[in-house]
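Trainee:
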Amino acid sequence: MFPKQTNTTLTKTFLHRIRPVHYHGLTERVQPKRRKNMSAETNNAIVVLTGAGISKESGLDTFRDADGIWAKVRLEEVATPEAFARDPEGVHEFYNSRRRKLREGDVRPNAAHAALARLEAEWPGSVLIVTQNVDNLHERAGSKNLIHMHGEHVKARCAHCGVTLVWECDMSRDDVCADCGRPGGMRPHIVWFGEMPLQMERIFAALETCALFVSIGTSGNVYPAAGFVQHARLSTNAHTVELNLEPSESATLFAESHYGPATEVVPGYVERLLETGQVN
Numbered sequence: 003m004f005p006k007q008t009n010t011t012l013t014k015t016f017l018h019r020i021r022p023v024h025y026h027g028l029t030e031r032v033q034p035k036r037r038k039n040m041s042a043e044t045n046n047a048i049v050v051l052t053g054a055g056i057s058k059e060s061g062l063d064t065f066r067d068a069d070g071i072w073a074k075v076r077l078e079e080v081a082t083p084e085a086f087a088r089d090p091e092g093v094h095e096f097y098n099s100r101r102r103k104l105r106e107g108d109v110r111p112n113a114a115h116a117a118l119a120r121l122e123a124e125w126p127g128s129v130l131i132v133t134q135n136v137d138n139l140h141e142r143a144g145s146k147n148l149i150h151m152h153g154e155h156v157k158a159r160c161a162h163c164g165v166t167l168v169w170e171c172d173m174s175r176d177d178v179c180a181d182c183g184r185p186g187g188m189r190p191h192i193v194w195f196g197e198m199p200l201q202m203e204r205i206f207a208a209l210e211t212c213a214l215f216v217s218i219g220t221s222g223n224v225y226p227a228a229g230f231v232q233h234a235r236l237s238t239n240a241h242t243v244e245l246n247l248e249p250s251e252s253a254t255l256f257a258e259s260h261y262g263p264a265t266e267v268v269p270g271y272v273e274r275l276l277e278t279g280q281v282n
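Here you go:
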């Protein structure tokens, strides 16, 4: 149904739209006096942002690499509300195939996921993982304090009543909501292009009280997540660290960086962090 092809001009237009021009204004509204106060109140809280790069070594494709998902499938055919309204069965089949890969394929959490679960369990303070990924590998590795800002493959949402349900099997347009009993309204619990990422208020509250912000496996070009590093710096003067296969588009905004495979770089960084107990 979805022939292999390169990104079209329309696809590039969609990708460009994920850079809202007003975001930096939000960051800039944090006044200097407030930043000073928040810095003084900050303890050893950590916010970790993860992207597709952390799951690639588990066998999941990234979205924007040359061999990634959007190089094979036109995002405007499967990842917009308009696409779902036009072809619900086609959209369901795309997400069913990805859900099956998590359920039936040889996809498991890797050493980077395990290291972050260990950090959350052993760090003497709050550790919040904010992931752009829609897989369930962080949970399977043991992470508890977690936000899926772009949704989750293993959940469904009812367009009629708004309830979110665990949904690990295939989905179709005929499915009935277990909560309201109405058919025809179940959709993937995924944030599509043009929709608002989830739990943004909680994310910004965490960024404004953290002492350390770590970005792992991200491209640095998807907003609002790409702006989190700047928000953490301006809000609390947090120490900022990038762990990536290679420098992201936001690399110059980080105070510290380490590059290499996530399964090597992340466990090493977490080990040093736990040994020293210091965020910088």
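Per my numbering: the sequence shown = residues 3 to 282. Glycine is no exception: its CB is placed at the ideal position from the N, C-alpha and C atoms.
So, for valine 268: in the same chain, excluding its five sequence neighbours on each side, which residues have a beta-carbon less than 8 Å away from its beta-carbon?
Mentor: Looking up residue 268 in the sequence shown gives position 266. For valine 268, where only same-chain residues beyond five positions count, the Cβ hits under 8 Å are Ile56, Ala113, Ala114, Ala117, Leu118, Ile218, Leu245.
Trainee: Span of the alpha helix (DSSP H) holding threonine 278?
Mentor: Residue 278 sits at position 276 when you count from the first residue of the sequence shown. In the DSSP assignment, threonine 278 falls within the unbroken alpha helix (DSSP H) covering 264-278.
Trainee: Have a look at serine 237 and glycine 183 and give me their C-alpha separation to the nearest angstrom.
Mentor: On the sequence shown, position 235 is the one that residue 237 refers to. On the sequence shown, position 181 is the one that residue 183 refers to. Going by the C-alpha atoms only, they are around 45 Å apart.
Trainee: Can you check DSSP and say which residues form a bridge with glycine 153?
Mentor: The count along the sequence shown starts at 1 and reaches residue 153 at position 151. Paired residues: Ile192.
Trainee: If I follow the unbroken alpha helix (DSSP H) through leucine 255, where does it start and stop?
Mentor: Counting from one through the sequence shown, the residue named residue 255 turns up at place 253. Per DSSP, leucine 255 belongs to no alpha helix (DSSP H) and is neither H nor E.
Trainee: Just tell me which of Val132, His140, Arg274 has its CA closest to the CA of methionine 151.
Mentor: Locating residue 151 in the sequence shown gives position 149, counting from the first residue. It is Val132 whose Cα lies nearest to the Cα of methionine 151.
Trainee: List the DSSP bridge partners of valine 129.
Mentor: On the sequence shown, position 127 is the one that residue 129 refers to. Beta-bridge partners of valine 129 (DSSP): Ile48.
Trainee: Determine the direct distance from the alpha carbon of glycine 53 to that of serine 60, and round the result to whole angstroms.
Mentor: Looking up residue 60 in the sequence shown gives position 58. Looking up residue 53 in the sequence shown gives position 51. Approximately 13 Å, taken between the alpha carbons.
Trainee: Starting from serine 57, trace the beta strand (DSSP E) in both directions and tell me its first and last residue.
Mentor: Here residue 57 refers to the residue found at position 55 when the sequence shown is read from its first residue. Going by DSSP, serine 57 is part of no beta strand (DSSP E) but of the alpha helix (DSSP H) stretching over 55-58.
Trainee: Report yes if the CB atom of alanine 213 is closer than 8 Å to the CB atom of alanine 240, and no otherwise.
Mentor: On the sequence shown, position 211 is the one that residue 213 refers to. On the sequence shown, position 238 is the one that residue 240 refers to. Taking 8 Å as the Cβ cut-off, alanine 213 and alanine 240 qualify as a contacting pair.
Trainee: For arginine 110, which of Leu139, Thr242, Gly127 has the nearest alpha-carbon?
Mentor: As a first step, residue 110 is located in the sequence shown; it is residue number 108 there, counting from the start. Nearest C-alpha to arginine 110: Leu139.
Trainee: Looking only at its chain, what residues have a beta carbon closer than 7 Å to the beta carbon of cysteine 163, apart from the 5 residues adjacent to it on each side?
Mentor: Numbered from 1 along the sequence shown, position 161 holds the residue referred to as residue 163. Only Cys179, Asp181, Cys182 meet the Cβ criterion.
Trainee: Quick one: residues in its chain with C-beta nearer than 8 Å to the C-beta of aspartate 176, no 5 flanking neighbours on either side, listed in chain order?
Mentor: Residue numbering aside, residue 176 sits at position 174 when the sequence shown is read from its first letter. Once the five neighbours on either side are set aside, the close Cβ partners of aspartate 176 are Pro185, Gly186.
Trainee: Run through DSSP, which three-state label would glutamate 95 get?
Mentor: Locating residue 95 in the sequence shown gives position 93, where the first residue counts as 1. Looking at glutamate 95 - three-state DSSP - the assignment turns out to be helix.
Trainee: Count the other CB atoms, across all protein chains shown, that sit within 10 Å of the CB of glycine 222; report buried if there are 16 or more and exposed otherwise.
Mentor: Taking the sequence shown and counting its residues from 1, the one referred to as residue 222 is at position 220. So glycine 222 counts as buried.
Trainee: Please look up how many angstroms separate the CB atoms of proline 83 and tryptophan 194, rounded, as I've assumed it's under 8 Å.
Mentor: Along the sequence shown, read from residue 1 onward, the residue named residue 83 stands at position 81. Along the sequence shown, read from residue 1 onward, the residue named residue 194 stands at position 192. At roughly 6 Å, the Cβ-Cβ gap stays under 8 Å, so proline 83 and tryptophan 194 are in contact.
Trainee: Give me the Cα-Cα distance between serine 128 and tyrosine 261, rounded to the nearest whole angstrom.
Mentor: As a first step, residue 128 must be located in the sequence shown, where it is residue number 126. As a first step, residue 261 must be located in the sequence shown, where it is residue number 259. One C-alpha to the other measures close to 25 Å.
Trainee: Give me the residue from Val165, His191, Ala161 with the minimum Cα distance to aspartate 172.
Mentor: Here residue 172 corresponds to residue number 170 of the sequence shown, with the count starting at 1. The shortest Cα separation from aspartate 172 among Val165, His191, Ala161 belongs to His191.
Trainee: Short check: CB of glutamate 122 to CB of lysine 146, under 8 Å?
Mentor: Your numbering for residue 122 matches position 120 in the sequence shown. Your numbering for residue 146 matches position 144 in the sequence shown. Against a cut-off of 8 Å, the Cβ pair of lysine 146 and glutamate 122 comes out as a contact.
Trainee: Would the beta-carbon of glutamate 154 fall within 8 Å of that of valine 136?
Mentor: One-based indexing of the sequence shown puts residue 154 at position 152. One-based indexing of the sequence shown puts residue 136 at position 134. Contact: yes.
Trainee: Do you know how far the Cα of threonine 211 is from the Cα of asparagine 45?
Mentor: As a position in the sequence shown, residue 45 is number 43, starting the count at 1. As a position in the sequence shown, residue 211 is number 209, starting the count at 1. So the alpha carbons of these two residues sit roughly 8 Å apart.
Trainee: Please state if the CB of valine 216 and the CB of valine 75 are separated by a distance shorter than 8 Å.
Mentor: Stepping through the sequence shown from its first residue, residue 75 is reached at position 73. Stepping through the sequence shown from its first residue, residue 216 is reached at position 214. No, the pair does not count as a contact, with Cβ atoms beyond the cut-off.
Trainee: Tell me which same chain residues have a C-beta within less than 8 Å of the C-beta of alanine 227, skipping the five on either side of it?
Mentor: Your numbering for residue 227 matches position 225 in the sequence shown. Correct list, in chain order: Leu51, Gly53, Val132, Gln134, Met151, Pro199, Thr220.
Trainee: In the DSSP assignment, find the beta strand (DSSP E) that holds valine 303 and state where it starts and stops.
Mentor: The structure shown does not extend to residue 303, since the chain spans only 3 to 282, so no value can be given for it.
Trainee: Could you check the C-alpha separation between arginine 120 and arginine 88 for me, to the nearest Å?
Mentor: Taking the sequence shown and counting its residues from 1, one reaches residue 120 at position 118. Taking the sequence shown and counting its residues from 1, one reaches residue 88 at position 86. C-alpha separation (whole angstroms): 44 Å.
Trainee: What is the DSSP secondary structure of glutamate 244, counted as helix, strand or coil?
Mentor: Counting from 1 along the sequence shown, the entry for residue 244 is found at position 242. Strand.
Trainee: Within 10 angstroms of the Cβ of methionine 202, are there 16 or more other Cβ atoms? Answer buried if so, exposed if not.
Mentor: Stepping through the sequence shown from its first residue, residue 202 is reached at position 200. Exposed, since its Cβ has fewer than 16 Cβ neighbours within 10 Å.
Trainee: For valine 231, collect the residues of the same chain with a Cβ closer than 7 Å to its Cβ; drop the 5 residues on either side in sequence, then sort them by chain order.
Mentor: What you label residue 231 is simply residue 229 of the sequence shown in a count that begins at 1. So the qualifying residues of the chain are Phe215, Ser217, Thr242, Ser252, Leu255, Phe256.
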